[in-house]
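Numbering (numbering that gives the first Met the number 0), first residue to last: 0 to 378. Glycine included, each C-beta is placed from N, C-alpha and C at the ideal position. To start, the structure under review is shown below, and the notes come after it.
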Amino acid sequence: MIKKNLLLPVAALMVAFVANAQTAQQPPYKALPYPPTVHDMTPARSYQAPQGISYRADDFYSDNVRLSAQWFYATENAGKKLPTVVMAHGWGGVAARFRKDAIDLARAGYLVLIFDYRGWGDSDGRVVRTGKRSETANRGEPETAQIKELRGYVDPIEQTEDWFNAINYAVTQPMVDTDHIGIRGSSYSGGFVIYVAARDARVKAIVSQVGAFDGRPRMPYRTPAEVEKANENASLLATGRAAYPGEGLQTRAMEGAPVGNKYLRWAPIFDADRITQPTLFIVAEKEDMFSNEDSGVLACNRVKGPRKLLVIPGHSHYGVYADGVREPAIEEAIKWFDRYLKAGDSSARSTAALGESERGECRVETAVRMKVPPPPKAN
């Protein structure tokens with residue numbers, strides 16, 4: 000049998016991430032503590048939903064790793080088959096950050112699943128051996144091994160696999176209307192939803208909010224030297240001279256360090272032209288993490304199905320999460336899902352001949368501007 004010899008918290012994993020990547024403007028990366036605190040938010044199994052909302056914490060598995068699932072629905076809809084929306088966080092976030100959005104969707108008549116990626120929030124992380132295999136293990140006999148749980152890293156390949164398995168899990172639940180499943184992502188996961196929907200026909204409607212669609216050459220890999228460093232780190236991993244996930248670059252003050260070589264290959268923008276499902280894109284007018292023209296606007300122009308572009312005027316990337324902005328954004332998502340997920344056969348709607356009103360123009364200058372308060376003035 001394997002003995003779990005974990006160091007708690009598992010912070011040693013992240014030491015190598017930032018050894019050669021710190022600047023005066025980049026604070027040291029801090030790994031999530033274990034057991035997880037969910038960014039000082041209430042853990043999934045301790046959370047209490049507001050009156051009128053039923054809530055259930057559950058688990059599912061992705062590549063044999065236990066992931067945390069949180070379900071929301073209006074109590075009056077208990078036992079009914081409901082159109083279902085699946086959501087997960089972006090770079091360095093946790094599912095708990097989406098609870099308000101999940102509650103709003105539940106009140107609008109949806110069954111909602113939010114989940115944490117492996118190594119984040121309430122989910123377990125992937126476990127790896129830290130020492131060599133013993134001779135007894137090679138003979139198939141029981142052994143004692145030292146292992147480490149991987150936490151707090153950003154791997155788009157693993158995380159999109161978690162999305163697929165979240166849907167695989169969701170369709171087994173009795174209240175899920177499997178013909179009416181929508182997905183919604185924000186920031187990094189705003190690109191994930193395009194990648195997933197391009198490969199999973201069970202997805203019938205999409206909302207991508209301030210989505211990132213291309214890791215090349217985006218922050219933190221802007222210069223040739225940074226790209227070369229990421230490739231060198233990948234070679235260290237491939238030859239066993241570094242422990243996974245290896246050394247990465249800190250991105251501003253964002254939590255979570257990327258698995259660099261995988262991040263550089265991550266480009267769901269090239270999947271956008273495979274999308275026939277109705278897709279709503281919400282972009283920040285003052286986007287400061289990447290170019291709208293290379294991300295949400297470009298993806299909007301490439302999708303083949305019904306589409307709409309909305310602009311959050313005056314706000315930068317993180318403005319979408321501010322009070323007074325979050326609410327109109329989720330209201331627009333609800334309107335989109337109401338039109339394409341609730342009403343009628345969404346799969347037929349997505350591939351039907353489209354009128355001009357369902358193929359909105361994808362230009363920031365002419366897109367509908369949401370009514371939101373202006374951002375606070377800088378001191």
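Original post:
Do you know offhand how far PHE212's Cα is from LYS303's?
Top reply: Distance from the CA of PHE212 to the CA of LYS303, rounded to the nearest whole angstrom, comes to 17 Å.
Subject >> Alpha carbon of THR135 to alpha carbon of GLU142, nearest angstrom >> reply: One Cα belongs to THR135, the other to GLU142, and the distance between them is close to 7 Å.
**OP:** Give every residue of the same chain whose Cβ lies closer than 6 Å to the Cβ of ILE156, excluding the five residues on either side of it in the sequence, and list them in chain order.
**Re:** LYS261
Original post:
Over what stretch of residues does the beta strand (DSSP E) that includes TRP162 continue unbroken?
Top reply: Taken as a continuous stretch (DSSP letters only), TRP162 belongs to no beta strand (DSSP E), being part of the alpha helix (DSSP H) at 155-169.
Subject >> Opening and closing residue of the alpha helix (DSSP H) in which TYR194 lies >> reply: From DSSP, the alpha helix (DSSP H) with TYR194 extends over 187-196.
Original post:
In three-state terms, what does DSSP make of ARG128?
Top reply: strand
**OP:** Could you have a look at THR83 and say whether DSSP puts it in helix, strand or coil?
**Re:** Under the three-state reduction of DSSP output, THR83 falls in the strand class.
Original post:
For ILE281, which three-state DSSP category applies?
Top reply: strand
Original post:
Can you name, in chain order, every residue of its own chain whose Cβ lies under 6 Å from the Cβ of GLU286, other than the five neighbours on each side?
Top reply: HIS316, listed in sequence order.
**OP:** Specify whether the stretch 324-331 and the stretch 290-306 touch according to this definition: at least 3 beta carbon pairs, one from each stretch, less than 8 Å apart.
**Re:** no
Subject >> Sufficient close CB pairs (3 or more, under 8 Å) joining the stretch 70-86 to the stretch 180-194 >> reply: Yes, the stretch 70-86 touches the stretch 180-194.
Subject >> C-beta atoms of GLY92 and SER186 nearer than 9 Å >> reply: yes
Original post:
What distance in whole Å lies between the Cβ atoms of ASN76 and GLY108, which are believed to be in contact at a cut-off of 8 Å?
Top reply: 7 Å
**OP:** Going by DSSP, name the residue or residues bridged to SER133.
**Re:** The partner list for SER133 (beta bridge, DSSP) is empty, contrary to what the question assumes.
**OP:** Look at the alpha carbon of GLY89 and the alpha carbon of ARG138, and state the distance between them as a whole number of angstroms.
**Re:** 43 Å
Subject >> Nearest-angstrom Cα separation, counted from SER207 out to PHE269 >> reply: 15 Å
**OP:** Can you give me the start and stop residues for the beta strand (DSSP E) that ILE113 sits inside?
**Re:** 110-114
Original post:
In this structure, does DSSP put PHE289 in helix, strand or coil?
Top reply: coil
Original post:
Using 8 Å as the Cβ pair cut-off and three pairs as the minimum, do the stretch 191-204 and the stretch 98-116 touch?
Top reply: No: the two stretches stay apart, fewer than three of their Cβ pairs being nearer than 8 Å.
Subject >> Neighbourhood of LEU279 by C-beta, 6 Å cutoff - its chain only, sequence neighbours within 5 removed >> reply: VAL206, LYS307 and TRP335
Subject >> Alpha carbon of PHE289 to alpha carbon of ILE311, nearest angstrom >> reply: 15 Å
Original post:
Which term fits SER67, buried or exposed, when burial requires 16 or more other beta carbons within 10 angstroms of its beta carbon?
Top reply: buried
Original post:
For ALA266, does the three-state DSSP call read helix, strand or coil?
Top reply: When secondary structure is reduced to three states using DSSP, ALA266 falls in the coil class, being assigned neither helix nor strand.
Original post:
Can you tell me the Cα-Cα spacing of VAL111 and ILE193, whole angstroms?
Top reply: 19 Å
**OP:** Would you kindly work out how many angstroms separate the C-alpha atoms of SER53 and ALA73, rounded to a whole number?
**Re:** 6 Å
Original post:
How is the alpha helix (DSSP H) around TRP335 delimited, first residue to last?
Top reply: 325-336
Subject >> Rounded C-alpha distance that separates ILE333 from ARG117 >> reply: 28 Å
**OP:** Report the three-state DSSP secondary structure of ARG44 (helix, strand or coil).
**Re:** helix
Subject >> Own chain residues within Cβ distance below 8 Å of GLU160, not counting five before or after >> reply: SER61 and ASP62
Original post:
What residues in its chain sit with their C-beta under 8 Å from that of ASP123, if we drop five residues either side in the sequence?
Top reply: VAL64, ARG65, LEU66, ARG117 and GLU148
**OP:** Pick helix, strand or coil for ALA105, following the three-state DSSP scheme.
**Re:** helix
Original post:
Alpha carbon to alpha carbon, what distance is there between ALA94 and ALA169?
Top reply: 16 Å
**OP:** Report all residues from its chain with a CB closer than 6 Å to the CB of ALA165; omit the five preceding and five following residues, and keep chain order.
**Re:** VAL85 and PHE114
Original post:
Looking at ASP121 and ALA56, is the spacing between their C-beta atoms short of 9 Å?
Top reply: yes
**OP:** Note the first and the last residue of the continuous beta strand (DSSP E) segment covering ALA298.
**Re:** Segment 295-301 is the alpha helix (DSSP H) holding ALA298; no beta strand (DSSP E) there.
**OP:** Return the CA-CA distance between VAL282 and LYS80, expressed in angstroms with no decimal places.
**Re:** 32 Å
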